[in-house]
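For reference, the structure discussed in these notes is given below.
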Amino acid sequence: MKFAIVIIENAESRRQIQEDRSTYRKKIEGWMGQQGQAGVLVGGEAFETEAVAPVTVRRDADGAPQVIEGPFAGDAETLGGYIIVEAADRDAAVEIAKTWPNPETLEVRPLWTAA
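Each residue of the sequence shown is one higher than the one before, counting from 1 in full-length UniProt numbering.
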């Protein structure tokens, strides 16, 4: 079963990135390598958060789309990216997420697969 591990950046992870991006990235690359060797890593991407600001599109009460421009730098938490893993069940996916080496909050969600 496939699961998305959604990476939610917080003040501490942003502080670590600013302090020493190289060390921060090496931890992630090492973790990704371990998951790849374990055969559970399907893929993943980091969201671009510096060069291009995020945008939110939502419907108002009348159903018309509203565009809200970023950046949302003042937000306590922001989406940082996602990782797709293959796991036997939710508990196994949570165990994978618990090994994440950095201070982000992680949300584990099962992926729906079309028949």
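Don't be surprised by glycine CBs; every beta carbon is placed ideally from N, CA and C.
Bear in mind that the values here come from a model prediction, so they are computed numbers and not experimental data.
In this structure, DSSP gives A97 a helical state, which the three-state scheme calls helix. Closest in C-alpha terms to Q16, from the list A97, E69, E45 and P101, comes P101.
With contacts defined as CB atoms closer than 8 Å, E95 and G80 fail to qualify as a contacting pair. At the C-beta level, G70 and V57 stay beyond 8 Å of one another.
DSSP places A11 in the uninterrupted alpha helix (DSSP H) bounded by A11 to E19. Here the C-alpha atom of V52 lies approximately 13 Å from the C-alpha atom of A46. Here I84 really is in contact with A4; their C-beta atoms are around 6 Å apart, less than 8 Å. With distances taken between CA atoms, V6 lies nearest to K98 out of A114, Q66 and K98. Here E107 is exposed: its Cβ has fewer than 16 other Cβ atoms, across all protein chains shown, within 10 Å.
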